Structures are given as structure tokens and as C-alpha cells.
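This report concerns only the one structure given below.
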Amino acid sequence: MTAAGPQDGLVAQWWATAVSRVEPGIVELREHPVQDLIGHATFVETIWLMLRGELPRAEQAGLLEAALVAGVDHGPQAPSIAAARMAATCGVGLNSAVATGVNMLGDVHGGAGQQCVELLSEIVERHDRGGARPARRSGQPAGDAEFDLAVAEVVGEWRARSRYLPGFGHRFHPRDPRRDPLLALVDRAVADGLVEGAHLRAARAVEELLNRGREGKRPVPMNIDGATAVIYAELGFAAPLARGLFVLSRSVGILAHAWEETGQGRRNKSPMPPSMVPVHLTAPTARIAPG
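Position in the sequence shown (from 1) plus 24 gives the number in the numbering used here.
The structure is reproduced here in C-alpha cells:
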């Protein structure tokens, strides 16, 4: 064995981390010996520990677990699920099939939770910073007018950039069945003093604003991305981690679908059943000038 030299210190500094420590006979996660966690900490509690550096309270872990359970799967029509199922029939192995699905979770499919946390946080921060103080309407509680102004301003700015507002409305569900039970848990957490409720208030205010004047039209309720964004924000997770946590959640559904597909005996699964003849596309193509 050679003596440690100055370059060993440089390597150790280069790869220094507070997340884990592994030496011969030692495995620590955030300074917790793994043998103390095995059989005592749940998987969700360990996720919190690894991301936050401390174990959560049981109530915090329960709220996080509810959000993770809600996002596990959304059927074969989800692009990430469909891609994983096709990949599983191409001989790439289960790990690559799962990676194929996870890599589909981008800004459009999978990123709305992060974007909604950013939206809600912007509303909360703008209200907290103060600014315009409009006159209150008769009977309106103190602070409501200021909060409504922050909501209207931020929503207006977001909609000026895109007609799509992350976390609200759903192309498939008139009312997302995951919304109400998640928000009920947040209501309880606010009542118990577990979370402050500012992001929940912002989300409900956005929902109310979007549905104002829509009598007789299809409502625009909060969806799964909005409800889980409320939970992640109320629990203090940074916006990018809302996407990371969603990836952890949805990877379970991706794994289940990919595994099921491997048992079907199909090879090279395509988007259409083999009995369907591919349709000749007649859309105009760009003309290329000769030369």
C-alpha cells in the first residue's frame, strides 16, 4: 500500500459530497449508518433524507408519499409509458426500456409540476414583497385584495408568454380524480400547522381566476401537476426537485408497463397494430430547389 500523497487529497476534494460516505465496512447516507436505516426508515423517508439532509417528521413523509403515489401512472396513452413499452420489445433490456420512458419526461410531458411550483412561488413572493395596495371592496378581508392583485399580475404575465398555464386544466379529465384527495391532505396539514398554506392559497386563487366568467363552459380545475406542486412547494422542495420527484414517481409506472410488455412476446412493437396498414401521408413537403 502506498502512502497518501497530495494528489489523493485533490481527488478527495474533487469528489467531496455530503450525501454519502463509503469506506471499507462503512456506508453512511447523510451521516446516518445505513444499518440504522434498514428496517427503520421507509423509502420515502430515505428520499427526503437524501435530498434534504435530515429525516422528515412522519406527517411530512406521509404528505410526500401521497404526492408520489398519485403520480405513479397515467395509462398507456402517456408518451413516457408508450415509449417504454415499445423499447421493451426491441431487445434493449429492462433498464434501457425504463430509461427510454424516463428520458421522455421533459418540459412538455413531465415538467408541469416544476413549472407550477415556479408559478405559485412567484405569486407568493410578489405578494410578500408588497407593492401596489388597491382599495379593499366592502366586506373583503384584509390582505385579499393585495393577494388577488399578485395572482392576476403573475397569471397575466405567464399567459402573455403562453396560453398554457402549468398545473391547471386537463385534456383528458374534466376533473382530475387525484386533485381533491391531495388538496384535502394539504388542508389538514395547514390546520395541523405542518405547512404554512401560502402555495395552496395561491393555487386555489389561480383556479378561481381561471374559472371566473366561465359559466356554462368546461371548467379549468387544478390537475395532478398543480396538486403535487402545492405539496412539494409547501414541504419546501425547490422547483427543479418537483420534476425530479415526479420522475421517481412515474418511473414506477414505467417499470411496471415495461415489465408487462416483456411478457407479451411481441417484437419491435410499433405505435400501430400489425393489422393496420400505415396511412400514406399527403401533407405537403417542402420543395427543394434544384442545383
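A virtual CB, placed ideally from N, CA and C, is assigned to each residue, including glycine. Model, not experiment: these values are computed from the prediction.
Inter-residue CB distance, His229 and Val254 (contact presumed, cutoff 8 Å): It should be pointed out that residue 229 corresponds to Ala in this sequence rather than to His. Their Cβ separation, rounded to whole angstroms, is 12 Å, which puts Ala229 and Val254 out of contact at 8 Å.
Using a Cβ-Cβ cutoff of less than 7 Å, which residues in the same chain neighbour Cys114 once the five nearest sequence positions on both sides are dropped? Asn292
Leu62 by DSSP, collapsed to three states: which one? Note that residue 62 is Ile in the sequence shown here, rather than Leu. The answer is coil: DSSP assigns Ile62 none of H, G, I, E or B.
Count the C-beta pairs between the segment 185–192 and the segment 239–246 that are closer than 8 Å, then say yes if the count reaches three, no if not. yes
Given Leu118, which residues of its chain have a CB within under 8 Å of its CB, disregarding the five upstream and five downstream residues? Ala112, Leu279, Ala282, Trp283, Thr286
Bridge partners - Gly134, DSSP secondary structure assignment: Gly130
Contacting residues, own chain, Cβ-Cβ under 7 Å from Leu259 (five flanking each side not counted): Gln84, Leu87, Leu88, Val219
At the level of alpha carbons, what is the spacing between Gly237 and Met74? 45 Å
Considering Val276, what are the terminal residues of the alpha helix (DSSP H) in which it resides? 263–286
For Pro297, name the three-state secondary structure that DSSP assigns. coil
Could you tell me whether the segment 92–103 touches the segment 57–64, where touching means 3 or more Cβ pairs closer than 8 Å? no
Beta-bridge pairing of Ser44 - partner residues as DSSP gives them: Leu53
For Phe171, which residues does DSSP report across the bridge? DSSP output for Phe171 lists no bridge partner at all.
Please state if the CB of Leu144 and the CB of Ala257 are separated by a distance shorter than 7 Å. yes
Taking Arg225 as the reference, give the member of Leu269, Val141, Gly135 with the closest Cα. Val141
When you compare the CB positions of Val43 and Ser275, do they come within less than 7 Å of one another, or not? no
Close Cβ partners of Ser273 (< 8 Å) along its chain, the five nearest in sequence each way excluded: Ala91, Leu92, Val93, Ala94, Gly95, Val96
Assuming Arg203 contacts Ala251 (C-beta within less than 8 Å), just tell me the rounded distance between them. 5 Å
Note the first and the last residue of the continuous alpha helix (DSSP H) segment covering Leu218. Here Leu218 belongs to no alpha helix (DSSP H), and DSSP marks it neither H nor E.
Taking the continuous alpha helix (DSSP H) assigned at Asp249, which residues delimit it? 248–258
In the DSSP assignment, find the unbroken alpha helix (DSSP H) run with Ser104 in it and report its ends. 103–112
Pick from Pro80, Glu55, His133, Ser120: whose alpha carbon is nearest that of Arg267? His133
Which residues mark the beginning and the end of the alpha helix (DSSP H) in which Phe67 is found? 67–76
Starting from Leu117, follow the alpha helix (DSSP H) in both directions and report where the run begins and ends. Here the sequence assigns Gly to residue 117, which means Leu is not the residue at that position. First-last for Gly117: undefined, no H or E at that position.
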